[in-house]
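Colleague: Here it is, the structure in full.
There are 2 protein chains.
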Amino acid sequence: MNGAESLLRTFVASGVNTCFANPGTSEMHFVAALDRQADMRCVLGLFEGVVTGAADGYARMTGMPACTLLHLGPGLGNGIANLHNARRAQVPVVNVVGDHAIEHQALDAPLHSDIQSLASAVSSWVHHCKLANQVPQDAAKAVQAAMAPPGQVATLVLPADCAWDESSAPASPLVPQAASEVPSERIEAAANLLQGRKGGIALLLSHPATVGDALKKLDRLAQYTGATLLGDTFLTRIERGQGRTEVTRIPYFAEAAMTELGKYRHVIRVGAREPVSFFAYPGRPSRLAPEGTSFHLLAERHEDIDAALDALSERLGVPRSMPSSERARPEAPQGEISLEGLGLAIGATLPADAIVVNEGATSVSGVPLSTAGAAPHDWLDLTGGAIGQGIPVAIGAAVACPDRRVLSLNGDGSAMYTIQGLWTQAREQLNVTSVVFSNRKYSILQIEFMRTGTMNPGPKAMSMLDLSNPDLDFVALAKGMGVPGTHVQSLDELSAALELSYSQPGPYLIEVPC
Amino acid sequence: MNGAESLLRTFVASGVNTCFANPGTSEMHFVAALDRQADMRCVLGLFEGVVTGAADGYARMTGMPACTLLHLGPGLGNGIANLHNARRAQVPVVNVVGDHAIEHQALDAPLHSDIQSLASAVSSWVHHCKLANQVPQDAAKAVQAAMAPPGQVATLVLPADCAWDESSAPASPLVPQAASEVPSERIEAAANLLQGRKGGIALLLSHPATVGDALKKLDRLAQYTGATLLGDTFLTRIERGQGRTEVTRIPYFAEAAMTELGKYRHVIRVGAREPVSFFAYPGRPSRLAPEGTSFHLLAERHEDIDAALDALSERLGVPRSMPSSERARPEAPQGEISLEGLGLAIGATLPADAIVVNEGATSVSGVPLSTAGAAPHDWLDLTGGAIGQGIPVAIGAAVACPDRRVLSLNGDGSAMYTIQGLWTQAREQLNVTSVVFSNRKYSILQIEFMRTGTMNPGPKAMSMLDLSNPDLDFVALAKGMGVPGTHVQSLDELSAALELSYSQPGPYLIEVPC
């Protein structure tokens, strides 16, 4: 078999069975090999930002890498923003970037470029294949690298001749590196801190501590010790809703974040880093915690957080069972659209086991509060701040979890970045409800404009932050890509449209003026 | 004044008066400064690939750089594919990439990334600003770097504090490097080669020899000596149509290119490099010329081609005036849509002084032939092979030349890459007629699939090369972004739609099934 086929077989043997792709000529042997490998699902994106964002969403929901298939440096370039987000999400992704045949590279053909520099900016592991018969080993190493805890972006550069030349048998999967053990001194220190204190302590959480058993253990720990569960501003994935603990989140704007952090004398880091502001502002500190705050480390992201929480719970004598919190599901609101009402409509109608992909920026300010009592769901944030993640991550989550409804919340500015992803939602008939909040501006930038200490914006500045003239019609855009949709003008209509979308398979788009 | 304002004033003083932008928080002081600098036009793109492609198109038509405004590493990442094309076009572009304030960078906030690696992959010049009062000098150097003959991509990384801190007065423009002189030995050698021979010699042209006086001199030289004018497969810009010479182009597919190159014993390079195939194929050579072809250098792209052609013409005694070629404008075709008919319809209706932006891939195969006798026009190609250039380059060309009609020819697959650019065409009411050829597949890849020696594609492979299921509706997409348009079903309807679009200001989109 050739290199491409041996690569695909090695991926499948290693548990990688989904490929998000936008191929070009240099990837044709990979494409051809797909039909000789029944266990690899391949999903086409019409732009590489869709492809890489989908791989991110898939990894968030499965914990396993999908592979991407990207065409040379420019194809990788188009995928970089969402690889940046995936890198920040610390999820496993295996990129396969096609390259010119090795001898062709020296000729500097038009599509030749510096793939190494591009890949290194967003990948924790980069490898250039050199020989077809080493490709299967390279592929196994790429998957192993991607699975390094808690997950990272691994990029395999595959020259065309390494794909088309005769290769060797598929390689056996390599055992991923294990999460490293948390030293007992840290557990002892955290226990001493938590013991006896009934306030002023936060457990600061980030991925992967915000799902599954880790989150349940943290909930019991917090209830037992009186510590507060505090979550990073942007989380890879968090389990929320009825019967689950509600984690307080560090607000986005620095002033509010500083107020929240000011409540705690001690902050114990569990997978999270010391909080810094998203941007710097003239004359203001970048570190968000007040001077007197003491930071303590329980576990870094790559360490065995589950085991550390077990040890800490045992040391403190935390009961195995504690009451689960009960919060009321909100009532569906009526009347005019408001930011608060949007959140209530979403919270009231959300189906059980939904996956909420949040790129709603300023428009979703009311949603976290009003979904705390909604049906149980997973919530995925924009981890790296590079907009254009919402539609693609929704694709990946829906491919990963075909039996669950994905609710994709998008600002209008963000949605335009990777709008092509709607077509993939239609082609694959994914169960994604996209809501686009049309406030017809980069609202966050209008706020940030003031916050950076600049004067009131003039007309030219305002035109750079404004999405009107002409108004975008997202329902028309969706229709052009085969996704049905509707405009809503009231909260009643929004709730009805959401429920309609949840009642039928396939994608749907709702445009909400706000 | 602050760094941002001094930067903008330096740009304007240096002749850079157009900014294509998609800013974020770290660029707010630049945005604010726009209203204090009346001579800088600023055009918003809803995605950075639109921004960078527009700067490319602008430079192709003006010879001057526009500046881009990009938001940190991910914003630059989104613009990389079209910067790759601009790099291959060898046109001047000045990127301004905002970065976090310098002290903030060390904190590794979510949007922090390795801008240097990303920028270096597509830029001939990269500089990171360090102090606000050095920003004006940095800006002048950036413009000077971009203007290095024949033009290159220069990237200035502007930390937010260098924009907001107090700066010094704007810097004076720096004189761009001059094109270096062609040694007289090369002129003598070319003259000896051309003298007396009446066939078997090609003058192989690329940018910047394909426009203006250089092209006229080459036309006379070719007529006088019997040499053939041969153009690179993909050209930055070439002047064509009635009354102008028609340059034979090296075909895209290697077999046809080798046949064409096989006609010449000697090839004299004028701004062009030795031709290599776009991609490598198993067992086939990457160099396109037969073994016996002798390549000779008259002038490299960065050298003074105009002066070299003057010297060569004088040495050979080429008359100052030679007859200009006359070719008939094609008749508007009727009936069913065919590849040949598409070309005829476009050639018959093209208005004088149009700018044709060609990203039509396989669908435009008949267009070059049938536009050779069309009204005089400029023709701009996809220089770097990274699709998604057509719509953005059309924006830049239309901004540069508001009194000319731009005809943007797009494959459906290519158009989807940067479809967001239609909104900018609507907002700026640019005189762009976009034609989208909907063959509902990556047709070029279906051809390349066979050429790479792979077997017949199976259903999974075919689905990666196919754009149907669902069909895209580009008229709906255009409408969603404020661009009017129509579907045509025959050549008559196509000609009528083209003429309608040419008769009215502003953008228009025509979707052609083919």
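Sequence lines, in order, name chains A and B. One point on numbering: in the working numbering, the residue at position 205 of the first sequence is 306, and numbering is uninterrupted. One point on numbering: in the working numbering, the residue at position 219 of the second sequence is 320, and numbering is uninterrupted. For every residue, glycine included, the Cβ atom is placed at its ideal position computed from N, Cα and C.
1) For the beta strand (DSSP E) that Ala122 of chain A lies in, which residues bound it at each end?
2) For Leu208 of chain A, which residues in chain B fall below 7 Å Cβ to Cβ?
3) Between Ser201 of chain A and His213 of chain A, which are expected to be in contact by the criterion C-beta below 8 Å, what is the C-beta distance as a whole number of angstroms?
4) Could you tell me which chain B residues have their CB closer than 9 Å to the CB of Arg366 of chain A, listed as they occur along the chain?
5) Between Glu549 of chain B and chain A, is the shortest Cβ-Cβ distance under 9 Å, so that the two count as touching?
6) Who pairs with Glu460 of chain A in a beta bridge, going by DSSP?
7) So Phe550 of chain A and Cys615 of chain A are supposed to be a Cβ contact under 8 Å. How far apart are they, rounded?
8) Measure from the alpha carbon of Phe131 of chain B to the alpha carbon of each residue in B:Leu417, B:Gly199 and B:Arg541, then state which is nearest.
9) Distance, Cα to Cα, Ala292 of chain B vs Pro309 of chain B?
10) When the Cβ atoms of the region 580 to 587 of chain A are set against those of the region 424 to 432 of chain A, are three or more pairs found closer than 8 Å?
11) Please tell me whether Gln521 of chain B has its Cβ less than 9 Å away from any Cβ of chain A.
12) Taking the continuous beta strand (DSSP E) assigned at Ala372 of chain A, which residues delimit it?
13) With a threshold of 9 Å between beta-carbons, can Pro175 of chain A be considered close to chain B, or not?
14) Quick one: measure Cβ to Cβ for Gln343 of chain B and Ala475 of chain B, integer angstroms, because I've assumed they're closer than 8 Å.
15) Run through DSSP, which three-state label would Tyr609 of chain A get?
16) Go ahead and label Pro420 of chain B buried or exposed: buried means 16 or more other beta carbons lie within 10 angstroms of its beta carbon, across all protein chains shown.
17) For the region 340 to 387 of chain B, list the alpha helix (DSSP H) runs that are entirely contained and at least 4 residues long, ordered along the chain.
18) Could you tell me if Arg321 of chain B is buried or exposed, where buried requires 16 or more neighbouring beta carbons within 10 angstroms of its beta carbon?
19) Which residue from B:Ser273, B:Ser221, B:His205 and B:Trp226 puts its Cα closest to that of Gln238 of chain B?
20) If His367 of chain B and Gly301 of chain B are in contact, beta carbons under 8 Å, what's the gap, nearest whole angstrom?
21) Just how far apart, CA to CA, sit Gly116 of chain A and Leu508 of chain A?
22) Does the separation of the CB atoms of Thr163 of chain B and Gly180 of chain B fall below 9 Å?
23) Counting only Cβ-Cβ distances shorter than 7 Å, please list the residues of the region 130 to 148 of chain B near chain A, keeping chain order.
24) Pull up the distance between the alpha-carbon of Ile203 of chain B and that of Pro386 of chain A, whole angstroms please.
25) By Cβ distance, which residues of its chain are closer than 6 Å to Ala390 of chain B, with the 5 residues on each side in sequence left out?
26) Find out if the Cβ-Cβ distance for the pair Gly485 of chain A, Trp265 of chain A is shorter than 9 Å.
27) In three-state terms, what does DSSP make of Arg142 of chain B?
28) If Ile447 of chain A and Val468 of chain A are in contact, beta carbons under 8 Å, what's the gap, nearest whole angstrom?
29) Applying a beta-carbon distance threshold of less than 9 Å, which residues of chain B neighbour Thr169 of chain A?
30) Is the region 276 to 288 of chain B in contact with the region 248 to 260 of chain B, if contact means three or more CB pairs nearer than 8 Å?
31) What residues are listed by DSSP as bridge partners for Lys542 of chain A?
32) On a Cα-Cα basis, can you pick out the residue from A:Ala516, A:Ala408 and A:Thr111 that is closest to Glu460 of chain A?
33) Apply the 10 Å Cβ neighbour rule to Val589 of chain B and answer buried if 16 or more other Cβ atoms are within range, or exposed otherwise.
34) Keeping to the same chain, check which residues put their C-beta closer than 7 Å to that of Ser591 of chain A; ignore five residues upstream and five downstream.
35) Quick one: any contact between the region 513 to 530 of chain A and the region 326 to 338 of chain A, if contact means 3 or more CB pairs under 8 Å?
36) Which residue from B:Thr111, B:Ala487, B:Pro431 and B:Tyr159 puts its Cα closest to that of Val244 of chain B?
Modeller: Concretely, from the data shown:
1) For Ala122 of chain A, the enclosing beta strand (DSSP E) has its first and last residue at Thr119 to Ala122.
2) Val377 and Ser387
3) It is His, not Ser, that sits at residue 201 of chain A in the sequence shown. The Cβ separation is near 6 Å, so the contact holds.
4) By Cβ distance, chain B contributes nothing, its closest Cβ being about 22 Å from Arg366 of chain A, past 9 Å.
5) yes
6) Residue pairing for Glu460 of chain A: DSSP places it in a beta bridge opposite A:Asn511.
7) Actually they are not in contact, since the Cβ atoms of Phe550 of chain A and Cys615 of chain A sit about 20 Å apart, beyond 8 Å.
8) B:Gly199
9) 21 Å
10) No contact exists between the region 580 to 587 of chain A and the region 424 to 432 of chain A.
11) yes
12) This sequence places Gly at residue 372 of chain A; Ala is not what is there. Secondary structure note for Gly372 of chain A: it is in no beta strand (DSSP E), with a DSSP letter that is neither H nor E.
13) yes
14) So it is a contact: roughly 7 Å between Cβ atoms.
15) strand
16) Burial state of Pro420 of chain B is exposed, judged by a 10 Å Cβ sphere holding fewer than 16 other Cβ atoms.
17) 355 to 362
18) By the neighbour-count rule (16 or more Cβ atoms within 10 Å), Arg321 of chain B is buried.
19) Ranking B:Ser273, B:Ser221, B:His205 and B:Trp226 by Cα distance to Gln238 of chain B puts B:Ser273 first.
20) 7 Å
21) So the alpha carbons of these two residues sit roughly 27 Å apart.
22) Contact check for Thr163 of chain B against Gly180 of chain B fails: the beta carbons are separated by 9 Å or more.
23) From the region 130 to 148 of chain B, only His130, Val132, Ala133, Leu135, Asp136, Cys143, Leu145, Leu147 and Phe148 have a Cβ closer than 7 Å to chain A.
24) Computed Cα separation, rounded: 13 Å.
25) Contacts found: Leu362.
26) no
27) strand
28) Beta-carbon to beta-carbon, Ile447 of chain A and Val468 of chain A are separated by about 6 Å, close enough to satisfy the 8 Å threshold.
29) Neighbours of Thr169 of chain A on chain B: none; closest Cβ ~13 Å, over 9 Å.
30) yes
31) A:Asp567
32) A:Ala516
33) buried
34) Gly436, Glu437 and Ile438
35) no
36) B:Thr111
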